[in-house]
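Chemist: I'd like to ask some things about the structure below.
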Amino acid sequence: MRIRIWSWLFAAIFLGGCIGDDIVDDFVPPAVKIMNTVDTLALGSTWQFDAKYTNNIGKEETLPVQWASSNEDVLAIDGSGLATGLAKGSVTLTTKVEAGGEMLSDQWPVVVGDETVVSSGTQSGKIVSTSSYLLEGNFEISEEGNGIKIFISDGYRASTALPGLYIYLGNNKSSISGNGTKEIQMVQVYSGAHSYQVDGVGLNDFKYILYWCKPFNVKVGEGVVE
Amino acid sequence: MKKAKWALAAMPFLFVCNAAQAGGGWPQPKGWGFFKLSEWWVVSDQHFTDNGEIDPNTTMGIFNTSFYAEYGFTKRLTGVLYFPFFSRAYMNNTISGTTGETLIPGEAINSIGDTDLGIKYGLTVNKPVAVAATLTFGLPFGIDNGGMAGSLQTGDGEFNQMLQIDAGTGFRLGKVDFYSNLYAGVNNRTNGFSDELRFGFEAGATFWKKRITAIARFQGIQSFKNGDLPAERSNSTSIFANNTEYLSFAPEIAYNINEKWGVSASIGTVFYGRIIFASPSYSVGVFYKLTK
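As you go down the protein sequences, you meet chains A and B in turn. Position 190, counted from 1, in the first sequence is what the numbering used here calls 178; the numbers after and before it change by one each time, with no gaps. Counting the second sequence from 1 gives a position; the numbering used here is that position plus 260.
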């Protein structure tokens, strides 16, 4: 009888070792963003704008996009995002996407002038810890080669206590899986200036730099790309 | 996510799995033995960080089914074995709360766990204070980098040697038998792991016609931090991390069914921790005392 009781107890404990589910609150507001921007478009020339829609987990999806110019006499734009400078002046471009019954939009100011000026090729931000682990610094992102270069400045410090700290680019700061987040590499520098070359991505593709402890699937810190 | 400092945490196996009424400064008499079959487990979704705060992590669990034995070869020399013959480590699925999709599938590994083999020598026998020295070899039979991310472990992958000194004394008050034991040991770890100072104190009382033994056990580990940084190791997770430290309290209760058989249960709690799970560990077991 005693053996039977202990057998049941051990069996119950074994069953407790079954894999369960951890639920992550990974909702982000769906958004559309104008990409490939110019600040000034030369009179008489054309420019191809793009728009990117990201869904409620920050994953890029292709949906029909509408384009509009606030003044078609100054800058005309067709349904594919191809804009033509017709007269000198300033306009606001608007792109819209209908997603889940909701109309999302983004706007971008454009000047039609003497020569085309592509929007600034540099973004920056501050790295902050979102955990109890040390992580701090500043970064700049610029286009370089076939992608972007992330330069992390001298004041950067990161904890060496984590077994597997990785850096990512993403549009969802609560999750790094299933949403198009790009893993850059395992962190190997824990203080001081350093950089990462990330090929195949654009300057405006991601909203966040994310630091994650991969073995434990724990977010360590983030930097908002601004 | 910062929580109360008095958190509950897992502890390495050996100390929890050691049975009531065994070990300490008392070697087994010649031909006597103590054997225990037990289940030890911890499931944790949080851990102590390197600065003692508590941070969340994906839920991970470790279950050890083990056999523990002490046997007296002579009146001074006792062999000690801790053999986790079935060890299971797992990690939960990570599910999107928005889409319901599985973002990171859970995983599990099953294997033999890291095993301890030791020899205890009684420096004093039949004296008011029992003093014994124990040399323990930690044999890396477990898996140290299982799963996709290498974070599932049933062992630390290193061969360690620990020299420990125990000093214990016992006395009777009325119908209650009391004992206390103090120990300290140095654990020499290999393969880049930091060496450790291990220490502890326990006191126990046997009462109710010798049926019940209650034990209060305080234990600690202080890392010498002379090994690799955790960041330099991919296999430094869960309860097998490098530079782990803790101070713990682990009460245990044992019920002696008769003179030979008994059952016990314990819980491991930690009030100071560094780089270790921050959830309670539990152990239940059935033990047998071989006497003449």
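Beta carbons: idealized from backbone N, C-alpha and C, even for Gly.
What whole-angstrom Cβ distance do S356(B) and G166(A) have, given they're in contact under 8 Å?
Modeler: Position 96 of the second sequence, counted from the first residue, corresponds to residue 356(B). Position 178 of the first sequence, counted from the first residue, corresponds to residue 166(A). Correct: roughly 6 Å between the Cβ atoms.
Chemist: Whose C-beta lies closer than 6 Å to the C-beta of T466(B) among residues of the same chain, with five residues either side of it excluded?
Modeler: Position 206 of the second sequence, counted from the start, is the residue given in the question as residue 466(B). If we look at T466(B) and ignore the five residues flanking it on each side, its Cβ neighbours are D437 and T473.
Chemist: Given that I11(A) touches chain B, what residues does it touch there, using C-beta distances under 7 Å?
Modeler: Mapped onto the first sequence, residue 11(A) falls at position 23. Near I11(A) (Cβ distances below 7 Å), the residues of chain B are I355 and G357.
Chemist: Can you list the residues of chain A that Y458(B) reaches, using a CB-CB cut of under 9 Å?
Modeler: Within the second sequence, numbered from 1, the residue matching residue 458(B) stands at position 198. The identity of residue 458(B) in the sequence shown is Arg, whereas the question assumes Tyr. Residues of chain A passing the Cβ test: none, with the nearest at roughly 21 Å.
Chemist: If we ignore side chains and look at the alpha-carbon of each, how far apart do I12(A) and T354(B) end up?
Modeler: Within the first sequence, residue 12(A) is the residue found at index 24, counting from 1. Within the second sequence, residue 354(B) is the residue found at index 94, counting from 1. The displayed chain sequence assigns Val, not Ile, to residue 12(A). Spanning the two alpha carbons is a distance of roughly 7 Å.
Chemist: Pick out whichever of V391(B), T384(B), F461(B) and A368(B) has its Cα sitting closest to the Cα of I403(B).
Modeler: As a position in the second sequence, residue 403(B) is number 143, starting the count at 1. Cα-wise, what sits closest to I403(B) is A368(B).
Chemist: To the nearest angstrom, report how far apart L457(B) and F500(B) are at their CA atoms.
Modeler: As a working mapping, residue 457(B) is identified with position 197 in the second sequence. As a working mapping, residue 500(B) is identified with position 240 in the second sequence. Rounded to the nearest angstrom, the two C-alpha atoms are 16 Å apart.
Chemist: State the DSSP-derived secondary structure class of A491(B), mapped to helix, strand or coil.
Modeler: In the second sequence, the residue the question calls residue 491(B) occupies position 231. DSSP places A491(B) in helix when its eight states are reduced to three.
Chemist: Return the residues of the stretch 530 to 541 of chain B that lie within a Cβ-Cβ distance of less than 9 Å from chain A, sorted by chain order.
Modeler: Residues R534 and I535.
Chemist: F431(B) by DSSP, collapsed to three states: which one?
Modeler: Counting from one through the second sequence, the residue named residue 431(B) turns up at place 171. In this structure, F431(B) counts as strand in the three-state DSSP scheme.
Chemist: Within the continuous beta strand (DSSP E) that includes V53(A), where are the two ends?
Modeler: Numbered from 1 along the first sequence, position 65 holds the residue referred to as residue 53(A). Element bounds for V53(A): V53 to S57.
Chemist: Where are the alpha helix (DSSP H) runs, 4 residues long or more, that stay fully inside the stretch 412 to 485 of chain B, in chain order?
Modeler: Whole alpha helix (DSSP H) segments, 4+ residues: zero.
Chemist: Please identify the residue among V208(A), G5(A), Q36(A) and I7(A) whose C-alpha is closest to the C-alpha of I115(A).
Modeler: Walking along the first sequence from the start, residue 115(A) turns up at place 127. Nearest option by C-alpha distance: V208(A).
Chemist: So if I threshold CB-CB distances at 8 Å, which residues from the stretch 298 to 313 of chain B count as touching chain A?
Modeler: Flagged, chain order: E299, W301, V303, D305, H307, T309, D310, N311 and E313.
Chemist: Looking at C-alpha atoms only, which residue of W468(B), W286(B), Y331(B) and G417(B) is the closest neighbour of N516(B)?
Modeler: Indexing the second sequence from 1 puts residue 516(B) at position 256. Of the candidates W468(B), W286(B), Y331(B) and G417(B), the one whose C-alpha sits nearest the C-alpha of N516(B) is W468(B).
Chemist: Once the 5 residues before and after Q424(B) are set aside, which same chain residues still bring their CB inside 6 Å of it?
Modeler: Taking the first residue of the second sequence as position 1, residue 424(B) is located at position 164. These residues qualify, in order along the chain: T394, Y443 and G445.
Chemist: Give a yes or no on whether the C-beta atoms belonging to Y156(A) and V175(A) are separated by under 8 Å.
Modeler: Here residue 156(A) refers to the residue found at position 168 of the first sequence. Here residue 175(A) refers to the residue found at position 187 of the first sequence. Going by C-beta atoms, Y156(A) is not nearer than 8 Å to V175(A).
Chemist: Here's a check: name, in chain order, each residue in its chain whose Cβ is nearer than 6 Å to the Cβ of V53(A), leaving out the five neighbours to either side.
Modeler: As a first step, residue 53(A) is located in the first sequence; it is residue number 65 there, counting from the start. Correct list, in chain order: A39, T83 and V85.
Chemist: Let me know the secondary structure DSSP gives F401(B) once reduced to three states.
Modeler: Counting from 1 along the second sequence, the entry for residue 401(B) is found at position 141. DSSP places F401(B) in coil when its eight states are reduced to three.
Chemist: Does any residue of chain A have a CB that is nearer than 8 Å to the CB of Y515(B)?
Modeler: As a working mapping, residue 515(B) is identified with position 255 in the second sequence. So, not an interface residue.
Chemist: From which residue to which residue does the beta strand (DSSP E) around C201(A) run?
Modeler: Position 213 of the first sequence holds residue 201(A). Note, C201(A): beta strand (DSSP E), Y196 to C201.
Chemist: Could you pull out every residue in the same chain whose Cβ sits closer than 6 Å to the Cβ of W55(A), ignoring the five residues on either side in sequence?
Modeler: Taking the first residue of the first sequence as position 1, residue 55(A) is located at position 67. Same-chain partners within the cutoff: I65, G69 and T83.
Chemist: With R348(B) as the anchor, note down where its beta strand (DSSP E) starts and where it stops.
Modeler: Working through the second sequence from its first residue, we reach residue 348(B) at position 88. Taken as a continuous stretch (DSSP letters only), the beta strand (DSSP E) holding R348(B) covers L337 to M351.
Chemist: Taking 8 Å as the cut-off, does the stretch 192 to 206 of chain A touch the stretch 336 to 343 of chain B (at least 3 CB pairs, one atom from each stretch)?
Modeler: Short answer: they don't touch.
Chemist: What does DSSP give as the partner residues of W521(B) in its beta bridges?
Modeler: For this step, residue 521(B) is matched to residue 261 along the second sequence. Beta-bridge pairing links W521(B) to Y548(B).
Chemist: Taking 8 Å as the CB-CB limit, is K137(A) close to chain B?
Modeler: By one-based count along the first sequence, residue 137(A) stands at place 149. Chain B, which has no Cβ nearer than 8 Å to the Cβ of K137(A), makes this no.
Chemist: Using the Cα positions of S541(B) and G415(B), report the straight-line distance between them to the nearest angstrom.
Modeler: Sequence index remark: in the second sequence, residue 541(B) carries index 281 (1-based). Sequence index remark: in the second sequence, residue 415(B) carries index 155 (1-based). Answer to the nearest angstrom: the Cα atoms are 17 Å apart.
Chemist: Which class does F509(B) belong to by DSSP, given the choice of helix, strand or coil?
Modeler: For the purposes of this step, residue 509(B) is taken as residue 249 along the second sequence, with counting starting at 1. Of the three classes helix, strand and coil, the one that applies to F509(B) here is strand, per DSSP.
Chemist: Since V206(A) meets chain B, which of its residues come closer than 8 Å, beta carbon to beta carbon?
Modeler: The residue you call residue 206(A) lines up with position 218 of the first sequence. Those are D315, P316, N317 and T318, listed as they occur along chain B.
Chemist: Below 7 Å on C-beta distance, what does Y350(B) contact in chain A?
Modeler: Within the second sequence, numbered from 1, the residue matching residue 350(B) stands at position 90. Near Y350(B) (Cβ distances below 7 Å), the residues of chain A are G5 and I7.
Chemist: Who are the Cβ neighbours of Q185(A) in its own chain at under 6 Å, not counting the five residues just before and after it?
Modeler: The residue you call residue 185(A) lines up with position 197 of the first sequence. Around Q185(A): K137.
Chemist: Just the Cα atoms here: how many angstroms apart are Y506(B) and Y532(B)?
Modeler: For this step, residue 506(B) is matched to residue 246 along the second sequence. For this step, residue 532(B) is matched to residue 272 along the second sequence. If I take the Cα positions, the gap works out to 5 Å.
Chemist: Please report how far the alpha carbon of M320(B) lies from the alpha carbon of A71(A), in whole angstroms.
Modeler: Position 60 of the second sequence, counted from the start, is the residue given in the question as residue 320(B). Position 83 of the first sequence, counted from the start, is the residue given in the question as residue 71(A). Their Cα atoms are separated by approximately 54 Å.
Chemist: Do R336(B) and V385(B) have their C-beta atoms within less than 8 Å of each other?
Modeler: Reading the second sequence from its first residue, position 76 is the one you call residue 336(B). Reading the second sequence from its first residue, position 125 is the one you call residue 385(B). Yes, they are a contact pair.
Chemist: Under the three-state reduction of DSSP, which class applies to F537(B): helix, strand or coil?
Modeler: Indexing the second sequence from 1 puts residue 537(B) at position 277. Three-state DSSP puts F537(B) in a strand.
Chemist: Give me, in chain order, the residues of the same chain whose beta-carbon lies closer than 8 Å to that of G284(B); leave out the 5 immediate sequence neighbours on both sides.
Modeler: As a first step, residue 284(B) is located in the second sequence; it is residue number 24 there, counting from the start. The answer, listed in chain order, is A390, A392, D426, G428, Y439, N441, Y443 and E462.
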